[in-house]
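Student: Residue numbers (the UniProt record's numbering): 1 to 162. Glycine included, each C-beta is placed from N, C-alpha and C at the ideal position. Let me begin by handing over the structure; questions about it come next.
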Amino acid sequence: MIHILTTGGTIEGLDYVDNEGITESNITIKDFLKSANINFEYTIENVFKKDSRAITETDRQLLADRITAIKTTKVLITHGTYTMEDTAQYLGKLNLKKTIVLVGSFILGSENNTDASFNLGYAVSALQHLNNGVYVAMNGQIFNWDNVTKNLKDNKFERKYE
């Protein structure tokens, strides 16, 4: 069983207007999973819908509380890319004894050329094979929570240290 926690972000096709609000999306994480004809048990829980630039320490603690409260050991978090590494580091330091993978997209999930479906599929696959810990799964790579950074110039994630 995989427990999916959603927090908003581009992967859900949510476009943020001047950090004041969001436009409605016509795509959901459930839609991506349904179109992929997946064959595993999962639950989806919406924790909040925020541009990741607006995520606070209180929000991160709420995520940690939700992760602690659920029984499953496999947790996928959909998250905006701006502060994904911050949330990964926050959760990683807590040593929650579960496998936690954060995933997002650079292109709106509602766009035809989105990377959302690929990233989501990759993250789900990785989640099923990784050991306990916190990871970021983006664009075909897995990063440990303490060795990931977003390269804003190239719009990709990379390792801080080789």
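1. Could you give the distance in angstroms between the alpha-carbon of threonine 68 and the alpha-carbon of phenylalanine 48?
2. Would you say threonine 78 and histidine 3 are within 7 Å of each other, going by their C-beta atoms?
3. Starting from alanine 137, trace the beta strand (DSSP E) in both directions and tell me its first and last residue.
4. Please report the straight-line C-alpha distance between glycine 133 and asparagine 147, rounded to a whole angstrom.
5. Quick one: residues in its chain with C-beta nearer than 8 Å to the C-beta of threonine 83, no 5 flanking neighbours on either side, listed in chain order?
6. Apply the 10 Å Cβ neighbour rule to asparagine 39 and answer buried if 16 or more other Cβ atoms are within range, or exposed otherwise.
7. Note down, one range per segment and in chain order, each beta strand (DSSP E) of at least 3 residues found wholly within the stretch 80 to 113.
8. In the structure shown, what three-state DSSP assignment does leucine 68 receive?
9. Can you tell me whether threonine 99 is buried or exposed, with buried defined as 16 or more other CB within 10 angstroms of its CB?
10. For leucine 5 and arginine 60, which I take to be in contact (beta-carbon distance under 8 Å), what is that distance rounded to the nearest angstrom?
11. Using the rule of at least 16 other Cβ atoms within 10 Å of the residue's Cβ for burial, across every protein chain shown, is glycine 80 buried or exposed?
12. Nearest CA to the CA of glycine 8: which residue from Ser105, Asn155 and Lys93?
13. Report all residues from its chain with a CB closer than 8 Å to the CB of alanine 57; omit the five preceding and five following residues, and keep chain order.
14. Over what stretch of residues does the alpha helix (DSSP H) that includes leucine 120 continue unbroken?
15. Which residues in the same chain as alanine 88 place their Cβ atom closer than 7 Å to its Cβ, once the five residues preceding and following it in sequence are excluded?
Tutor: The short version:
1. Numbered from 1 along the sequence shown, position 68 holds the residue referred to as residue 68. Numbered from 1 along the sequence shown, position 48 holds the residue referred to as residue 48. Whole-angstrom Cα-Cα distance: 17 Å.
2. In the sequence shown, counting from the first residue as 1, residue 78 sits at position 78. In the sequence shown, counting from the first residue as 1, residue 3 sits at position 3. In this structure, histidine 3 does not lie closer than 7 Å to threonine 78 by Cβ.
3. Walking along the sequence shown from the start, residue 137 turns up at place 137. Segment 133 to 138, the beta strand (DSSP E) holding alanine 137.
4. Here residue 133 corresponds to residue number 133 of the sequence shown, with the count starting at 1. Here residue 147 corresponds to residue number 147 of the sequence shown, with the count starting at 1. Cα-Cα distance, rounded: 13 Å.
5. If you number the sequence shown from 1, residue 83 lands on position 83. Cβ-Cβ distances below 8 Å link threonine 83 to Ser52, Arg53 and Ile55 in the same chain, with the five nearest sequence neighbours on each side left out; the list follows chain order.
6. Here the question's residue 39 lines up with position 39 in the sequence shown. Burial call: exposed.
7. You should have 99 to 103.
8. For this step, residue 68 is matched to residue 68 along the sequence shown. Looking at the sequence provided, one finds threonine at residue 68 rather than leucine. Shown here, threonine 68 sits in a helix according to DSSP, grouped into three states.
9. Indexing the sequence shown from 1 puts residue 99 at position 99. Label assigned to threonine 99: buried.
10. In the sequence shown, the residue the question calls residue 5 occupies position 5. In the sequence shown, the residue the question calls residue 60 occupies position 60. The pair is not a contact, with the Cβ atoms about 12 Å apart (cut-off 8 Å).
11. Stepping through the sequence shown from its first residue, residue 80 is reached at position 80. Buried is the call here.
12. As a working note, residue 8 is residue 8 in the sequence shown. Nearest of Ser105, Asn155 and Lys93 to glycine 8, Cα basis: Ser105.
13. Within the sequence shown, residue 57 is the residue found at index 57, counting from 1. For the record, residue 57 in the displayed sequence is glutamate; it is not alanine. The beta carbon of glutamate 57 sits closer than 8 Å to those of Tyr90, all from its chain and outside the five residues before and after it, given in chain order.
14. Residue 120 sits at position 120 when you count from the first residue of the sequence shown. Unbroken alpha helix (DSSP H) run through leucine 120: 116 to 127.
15. Locating residue 88 in the sequence shown gives position 88, counting from the first residue. If we look at alanine 88 and ignore the five residues flanking it on each side, its Cβ neighbours are Leu102, Val134, Val136, Trp145 and Val148.
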